[in-house]
Structures are given as structure tokens and as C-alpha cells.
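Asks:
In the numbering used here, the protein residues as written are 417 to 824.
1. Who does residue 599 pair with in a DSSP beta bridge?
2. Using 8 Å for Cβ pairs, my map puts residue 534 next to residue 496. What's the rounded Cβ distance?
3. Taking the C-alpha atoms as reference points, what is the distance between residue 676 and residue 713?
4. Ignoring anything shorter than 3 residues, give me the beta strand (DSSP E) runs that lie fully in the region 632-665, in order along the chain.
5. Using only CA atoms, which one of 660, 716, 586, 735 lies nearest to residue 668?
6. Is the separation between the beta-carbon of residue 647 and that of residue 708 shorter than 9 Å?
7. Residue 821: buried (16+ other C-beta within 10 angstroms of its C-beta) or exposed?
8. Mind listing, in chain order, the continuous alpha helix (DSSP H) runs of no fewer than 4 residues lying wholly within the region 770-816?
9. Figure out for me which residue from 620, 777, 640 has the closest Cα to the Cα of residue 490.
10. Could you give the DSSP three-state label for residue 539: helix, strand or coil?
11. Could you name each continuous beta strand (DSSP E) segment of 3 residues or more that falls completely within the region 698-743, going from the start of the chain to the end?
12. At the level of alpha carbons, what is the spacing between residue 768 and residue 484?
13. When you compare the CB positions of residue 446 and residue 566, do they come within less than 9 Å of one another, or not?
14. If you compare alpha carbons, which of 473, 468, 474, 472 is closest to residue 482?
15. Going by Cα to Cα distance, which pick from 613, 797, 776, 779 is closest to residue 744?
16. Nearest-angstrom Cα distance between residue 694 and residue 782?
17. How would you write the range of the beta strand (DSSP E) that residue 499 sits in, first residue to last?
18. Starting from the N-terminal side, write out each stretch of the alpha helix (DSSP H) that is 4 residues or longer and does not extend beyond the region 535-592.
19. Could you check if residue 660 is buried or exposed, using at least 16 other CB atoms within 10 Å of its CB as the buried criterion?
20. If you pair each beta-carbon of the region 771-787 with each one of the region 805-813, do three or more pairs fall below 8 Å?
21. Considering only DSSP beta bridges, list what residue 532 is partnered with.
22. Residue 818 to residue 523, Cα distance in whole Å?
23. When DSSP labels each residue in this structure, what does residue 624 get in the three-state scheme?
24. Who are the Cβ neighbours of residue 428 in its own chain at under 7 Å, not counting the five residues just before and after it?
25. Mapping the DSSP letters down to three states, classify residue 766 as helix, strand or coil.
26. Residues in its own chain within less than 8 Å of residue 509 by CB, not counting five upstream and five downstream?
27. How would you write the range of the alpha helix (DSSP H) that residue 842 sits in, first residue to last?
28. Going by DSSP, what residues sit across from residue 470 in a beta bridge?
29. What do you get for residue 765, buried or exposed, if any count of 16 or more other CB atoms within 10 angstroms of its CB means buried?
30. Tell me which residues share the same chain as residue 684 and place their Cβ nearer than 6 Å to its Cβ, disregarding the 5 neighbours each side in the sequence.
31. Using the DSSP secondary-structure output, state which residues sit across from residue 370 in a beta bridge.
32. Quick one, which of 448, 650, 741 has its alpha-carbon nearest residue 473's?
33. Keeping to the same chain, check which residues put their C-beta closer than 7 Å to that of residue 627; ignore five residues upstream and five downstream.
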């Protein structure tokens, strides 16, 4: 049995209610026992939707369907199932998604293209129609106030804890809420988001505004994390705005829109960090910062290369200050570096000075630092003024244990 991550929060947070959102969960037997693995979220008419998806060229039927639905800008429902990704299942998988959207649309009285889909789990294994289609009408009849923790349980796979976050701010005399849930622990190297992330707010915003806000939040959160360098076929991040609360109620809509942007970004960052802290097999949290790059793109590429290097990650797992592996990871990006001015730090300890080892390094203090639960890696490549930070975790034998037997 996989142990709960040492970085797990003490308890699932109390998430704010979002007017215009209701939900129900059920079990379709994708996961063992009677664990919840199906989530239906209903949204009030007029709800705006925005999304970002995996950039992989191999995608699930749910991703393909939701990409089309997001272009319409409006949503009435979200359906998520876990344990089976319905990816690489050919025409059968696509037809099943179409029938699910139609079934939910019929149950809620909305067009099928206003039903968003997401799925996660085993890739390449077909889903039977009976497992999903038969449960959806009953779920529509069970809709009620959202139990956020149950909702997260229904979308989890190898996660060791449930991930939720919430923020609120005031517009005039009314509160605007942002609540979000996510799942993810492995196959994390998002080019856009995490495995699955869903953000809900009662603010009244247009779809194009919501898309800009979501893109901003994603760029500062999920695109800055990695666990194992593998990008999923199913990565989906969706934001829903139910238009219950007028952002102009306080007299300054632009200011309220700025507050909403920051609230969404804060929730997204909190969820992204929870994903990293639940990285499969994690024993140490790692923060990687590259400074002095020529461009932000260069800094991001180098910080991500360090964060995804198996050699760096295993060294950290073993508590070894192997800075040569850090320099290797920087170099393999082929981005500009002034090697003769390169500096590298492990926490407060500068291990490389001007491209050479630091002869004044306190090796005992460094060894003690490498036993910490959280490790900070920093490098200055001396080419400019741009920087980037990426968060990741170490690579342990438990990661192999989890993934070697995942199909069974």
C-alpha cells in the first residue's frame, strides 16, 4: 500500500460554495472496490467556460470533445471519470463520449456541446457503454450542493491525498468565490496544466475574459511543475464562471477583474504545488531556479531540464550534492551559458564559483542540508537578467514500484 505523502496537508480544506454549481458522484467500478470514479457537475445556464489542454499529439476522446466545446464559450455540465482515460480507444471511445454528452444534455435540457468531458487513468483500455451511460441519468437526479472532497475522490487515481483550494474577495457588499480541485501525482510534465484541474467562480465574466484569466493562472502555476517529464494524453484544465455575481457591483469592474485574476492564479498555484508535493514516490520537494539567462524562455528551459533530470532527482533522493549533474542538465538544453562565470547553489551553499568548485565550501554543512525535506537548487548562467523557477520532486524506488504495477 502506498503511504500518504509526507507533504500532505493535515486535512482537506473547507472550500467556499460557488453559487450556480451542483454535483453528484458515483462508482462505475473503474477503480477497486466501490471507490467513487464518476463525477457530474451541473452549471447554471449562461455559465462561461475556458480551457487549456495537453499539447500532446496523442489525446483522449474527452480532450478532443472538450476542445470543441470550449470554443463555444458556454457550459452546462462537466463529466469526469477516473481509472480509465478512454484514450487510444479509436472510434469506439469517440462515439462513447458523444453519447455521454447527449445523455447528460438530455437529462439537463441543454445542447450536448455544452457538456464538457475529462478522463484520467489507464491508457489504451476500452470502456464499456454500460459502465458509464447507465449511471449518468441517475447522477443527474442526485445533483445537490457540492461535496468538494467527494468530487476530488471521484477524479483521483494514484494521488495519495485529495487536492482542493479556495479564495474569496468582496465586490461591493457581495462575496466572489473561487474554488478549485485537481488530481495528479505521476505523468506530470504539463505543457499546459496538470492531469486534471477544475476551477469554479460565481463571477460574471465573458468567455474571452475567462480564457485570458485562465491562461495567466496556468502560466504561473501548472506550467511550472514537473514530476517525471511525461506529458499526459488527458491533461485538462477548465475554468467555469456562473455569472451569479456582477463584478461591477462595487463600481470598479476593472479592479474587481484584477482581484479575480489573482484569486484564480493563487488557487491554481496552490493546487499545482499540491500536485508536486504528491509526486509519485516523493521523499523531497525540489525548487529549481535559473537566473542570469538571456531570455525567460532560456531560463525556463534550463530550470525544467534540471528539474526533469533523472540523475539530478536521484542524487537529491540519495542526499548527494552532485552539482556536476546540475551543470550537465543546464548544458544539454543547448541554451547560451557563460561557463567561466557559471555559479550554482544548493540551498545557501554555493557549490560552483565561476565554473569551478568552491574550495571554501563547508562540506559537512552541505551534507546536513541535503538531508532536508525541501531542497533549493539555483544557478546563474551569467548571460542576462531573466530568470525562471520550476518545482519538482526527487525520484525514488517507490516511483518504480507504483508504475511498474499500475496496470494491475
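Every residue, glycine too, gets a C-beta built ideally from N, C-alpha and C.
Replies: Answer, in terms of the structure:
1. 612
2. 5 Å
3. 27 Å
4. 652-661
5. 586
6. no
7. exposed
8. 779-785
9. 620
10. coil
11. 701-709
12. 50 Å
13. no
14. 468
15. 797
16. 26 Å
17. 493-500
18. 545-548, 552-557, 564-571
19. buried
20. no
21. 494
22. 39 Å
23. helix
24. 565, 578, 580
25. strand
26. 476, 477, 502, 503, 542, 543
27. The requested residue 842 is not part of the displayed model; the chain covers only 417 to 824.
28. Answer is none; residue 470 lacks a bridge partner.
29. buried
30. 633, 637
31. The structure shown does not extend to residue 370, since the chain is modelled only from 417 to 824, so the question has no answer here.
32. 650
33. 466
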